[in-house]
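Contents: one structure, followed by commentary.
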Ligand code: SF4
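Numbering (our numbering), first residue to last: 37 to 393.
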């Protein structure tokens with residue numbers, strides 16, 4: 037089958053069936069950039085409310101560049117993978133400082149924007165500016181592997197998919213073409229039980245003809261999940277909860293959380309010692325008040341939260357310690373896991389096990 041024979045039906049299908057998504061109603065590279073970053077690791081449904089709220093707060097690249105990092109992280113709270121928010125923020129500052137606020141038009145300059153890799157650069161440039169650049173993400177890999185029935189070691193890596201995607205690219209409408217491929221993977225050529233009868237490539241698809249569509253693409257090895265147990269203390273005083281700030285450079289660095297540590301086999305003794313060493317806190321854990329579970333990348337985290345009593349006041353350092361009331365709890369950058377723990381601990385009538393994300 038020729039590239040031309042594949043292009044026409046897919047583009048026609050896309051123009052007829054594409055989902056009406058907020059980032060498809062704009063050609064503003066900044067808005068497209070925000071959507072592409074949010075959509076990494078996160079579903080369309082989960083992204084939509086965050087995208088609209090983020091753009092309402094930071095309507096253009098200047099507003100984002102000027103905002104304090106804490107505000108950006110707070111608007112991202114709940115979306116996870118917070119390095120994306122930090123990179124986007126740094127990227128906005130770079131675009132303002134080096135490009136006067138206009139997202140660069142060349143691939144080379146776009147790749148110089150912090151946090152912008154080949155996929156994101158190609159997606160933004162093709163969709164916003166009509167640049168003839170192919171994209172490869174998980175959806176594109178799956179669709180291409182199936183339509184051409186690609187098997188073997190070579191097709192476990194991304195590079196050959198870029199070549200193939202470039203050969204297929206519609207140079208008259210690269211933005212629509214890239215989105216069409218991704219849309220087919222997201223809505224029809226699903227990982228399990230692809231809806232082949234509704235597919236514009238149903239008559240050309242080699243995997244379908246061979247009945248092997250669900251076996252492709254052949255998988256890469258996944259990292260085995262690791263179980264981690266974390267103990268936390270919730271210290272409450274007159275309706276406020278003591279939060280500590282994570283140090284820079286760690287996962288979710290500079291986020292606020294209830295004092296906590298992973299348990300290394302000695303139970304609560306680890307917690308008391310670790311909070312003293314890490315934060316200078318003298319805490320006495322009391323009754324168990326909440327349990328929560330959460331999954332981040334390959335880690336399955338289980339948190340046990342204990343009521344805490346301070347033996348000594350924490351150091352006066354608002355950069356590191358805060359007594360947070362309801363307003364701060366709603367607006368400070370915190371992980372979903374921290375929110376679950378606080379909600380569970382402050383509402384003991386709710387069943388203790390708050391479940392996985
Ligand atoms: S026919 Fe089925 S397997 Fe082939 S590309 Fe379409 S949805 Fe995917």
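The C-beta atom is built at its ideal place from N, Cα and C for all residues, glycine as well.
- Roughly how many angstroms lie between the CA atoms of residue 376 and residue 265, to the nearest whole one? Against the chain shown, residue 376 aligns to sequence position 340. Against the chain shown, residue 265 aligns to sequence position 229. The alpha-carbon atoms of residue 376 and residue 265 are separated by roughly 15 Å.
- Nearest to residue 291 by alpha carbon, out of 374, 249, 351, 79? The residue you call residue 291 lines up with position 255 of the chain shown. Nearest option by C-alpha distance: 374.
- Query: Whole-angstrom Cβ separation of residue 50 and residue 212, contact assumed at under 8 Å?
  - Reply: Position 14 of the chain shown holds residue 50. Position 176 of the chain shown holds residue 212. Contact flag correct, Cβ pair sits at about 6 Å.
- Measuring from each Cβ to the nearest heavy atom of the ligand SF4, keep the ones under 7 Å and list them in chain order. Matched residues: 179, 182, 183, 220, 224, 225, 230, 231, 232, 235, 237, 238, 241, 243, 244, 249.
- Task: Use the C-beta contact count for residue 387: other C-beta atoms within 10 angstroms, 16 or more gives buried, fewer gives exposed.
- Result: Position 351 of the chain shown holds residue 387. Because the pLDDT at residue 387 is just 40, under 50, the model does not fix this residue reliably, and the value given afterwards should be weighed accordingly. Residue 387 comes out exposed.
- Could you have a look at residue 45 and say whether DSSP puts it in helix, strand or coil? In the chain shown, counting from the first residue as 1, residue 45 sits at position 9. In this structure, residue 45 counts as helix in the three-state DSSP scheme.
- Message: Three or more C-beta pairs under 8 Å: does that hold for the stretch 319-333 against the stretch 342-362?
- Response: yes
- Message: On a Cα-Cα basis, can you pick out the residue from 81, 354, 146, 254 that is closest to residue 127?
- Response: As a working note, residue 127 is residue 91 in the chain shown. Comparing alpha-carbon positions, the option among 81, 354, 146, 254 lying closest to residue 127 turns out to be 146.
- Evaluate residue 380 with the Cβ neighbour count: other Cβ atoms within 10 Å of its Cβ, from every protein chain shown; 16 or more gives buried, anything less gives exposed. Walking along the chain shown from the start, residue 380 turns up at place 344. The residue is buried, with at least 16 neighbouring Cβ atoms inside 10 Å.
- Message: Taking the beta carbon of residue 378 as the centre, do at least 16 other beta carbons fall within 10 Å, making it buried, or is it exposed?
- Response: Stepping through the chain shown from its first residue, residue 378 is reached at position 342. The residue is buried, with at least 16 neighbouring Cβ atoms inside 10 Å.
- Item | Selection from 216, 72, 308, 235 that minimises the alpha carbon distance to residue 224 | Position 188 of the chain shown, counted from the first residue, corresponds to residue 224. It is 235 whose Cα lies nearest to the Cα of residue 224.
- Task: Quick one: give me the first and last residue of the alpha helix (DSSP H) that residue 196 is part of.
- Result: Locating residue 196 in the chain shown gives position 160, counting from the first residue. Start and end: 195-204.
- Message: Check this for me: beta carbons of residue 197 and residue 171, under 7 Å apart or not?
- Response: Here residue 197 refers to the residue found at position 161 of the chain shown. Here residue 171 refers to the residue found at position 135 of the chain shown. Cβ distance not < 7 Å, so residue 197 and residue 171 don't count as in contact.
- Of the residues 233, 95, 88, the one placed nearest residue 58, counting alpha carbons only: If you number the chain shown from 1, residue 58 lands on position 22. The option with the nearest alpha carbon to residue 58 is 88.
- Item | For residue 185: DSSP bridge partner residues | For the purposes of this step, residue 185 is taken as residue 149 along the chain shown, with counting starting at 1. BP columns for residue 185 are empty, so no partner.
- Task: At 4 residues or longer, and completely inside the stretch 216-286: list those alpha helix (DSSP H) runs for me, N to C.
- Result: 242-246
- Secondary structure at residue 370, three-state DSSP: helix, strand or coil? Here residue 370 corresponds to residue number 334 of the chain shown, with the count starting at 1. DSSP, reduced to helix, strand and coil, places residue 370 within a strand of the structure shown.
- From which residue to which residue does the beta strand (DSSP E) around residue 296 run? Working through the chain shown from its first residue, we reach residue 296 at position 260. Per DSSP, residue 296 belongs to the beta strand (DSSP E) from 296-298.
- Message: Starting from residue 360, trace the beta strand (DSSP E) in both directions and tell me its first and last residue.
- Response: Here residue 360 refers to the residue found at position 324 of the chain shown. Residues 357-360.
- Query: How far does the beta strand (DSSP E) with residue 330 in it reach, from first residue to last?
  - Reply: Locating residue 330 in the chain shown gives position 294, where the first residue counts as 1. Looking at the DSSP string, the run of the beta strand (DSSP E) that includes residue 330 is 319-332.
- Could you round the C-beta distance between residue 120 and residue 93 to whole angstroms and report it? I think they count as a contact, below 8 Å. Taking the chain shown and counting its residues from 1, the one referred to as residue 120 is at position 84. Taking the chain shown and counting its residues from 1, the one referred to as residue 93 is at position 57. Not really, about 16 Å apart at Cβ, beyond 8 Å.
- Query: Is the distance from the Cβ of residue 159 to the Cβ of residue 143 below 7 Å?
  - Reply: Counting from one through the chain shown, the residue named residue 159 turns up at place 123. Counting from one through the chain shown, the residue named residue 143 turns up at place 107. Cβ distance not < 7 Å, so residue 159 and residue 143 don't count as in contact.
- Item | Residue range of the unbroken alpha helix (DSSP H) whose run includes residue 86 | Position 50 of the chain shown, counting from 1, holds the residue named residue 86. From DSSP, the alpha helix (DSSP H) with residue 86 extends over 80-93.
- Leaving out the 5 sequence neighbours to the left and right, which residues in its chain are closer than 7 Å to residue 181 when beta-carbon positions are compared? Residue numbering aside, residue 181 sits at position 145 when the chain shown is read from its first letter. Excluding residues within five positions, the ones whose Cβ falls inside 7 Å are 191, 252, 253.
- Query: Got a sec, what are the start and stop residues for the beta strand (DSSP E) residue 339 sits in?
  - Reply: On the chain shown, position 303 is the one that residue 339 refers to. Segment 335-346, the beta strand (DSSP E) holding residue 339.
- Message: In whole angstroms, give me the CA-to-CA distance for residue 163 and residue 309.
- Response: Position 127 of the chain shown, counted from the start, is the residue given in the question as residue 163. Position 273 of the chain shown, counted from the start, is the residue given in the question as residue 309. Spanning the two alpha carbons is a distance of roughly 53 Å.
- Item | Span separating the alpha-carbon of residue 39 from that of residue 46 | To locate residue 39, count along the chain shown from 1; it is residue 3. To locate residue 46, count along the chain shown from 1; it is residue 10. Spanning the two alpha carbons is a distance of roughly 11 Å.
- Are the Cβ atoms of residue 123 and residue 150 separated by less than 7 Å? In the chain shown, the residue the question calls residue 123 occupies position 87. In the chain shown, the residue the question calls residue 150 occupies position 114. Going by C-beta atoms, residue 123 is nearer than 7 Å to residue 150.
- Query: Exposed or buried, what is residue 56 when buried is set at 16 or more other beta-carbons lying within 10 Å of its beta-carbon?
  - Reply: Within the chain shown, the letter at position 20 stands for residue 56. By the 10 Å Cβ count, residue 56 comes out exposed.
- Does the Cβ of residue 218 have 16 or more other Cβ atoms within 10 Å, making it buried, or fewer, making it exposed? Here residue 218 refers to the residue found at position 182 when the chain shown is read from its first residue. Per the 10 Å Cβ criterion, buried.
- Message: Going by DSSP in three states, residue 293 sits in which element: helix, strand or coil?
- Response: Sequence index remark: in the chain shown, residue 293 carries index 257 (1-based). Residue state, collapsed to three classes: strand.
- Message: Once DSSP output is grouped into helix, strand and coil, what is the label at residue 106?
- Response: Along the chain shown, read from residue 1 onward, the residue named residue 106 stands at position 70. Residue 106 falls in the helix class under three-state DSSP.
- Item | Cβ contact check for the stretch 237-244 and the stretch 348-363: 3 or more pairs under 8 Å | no
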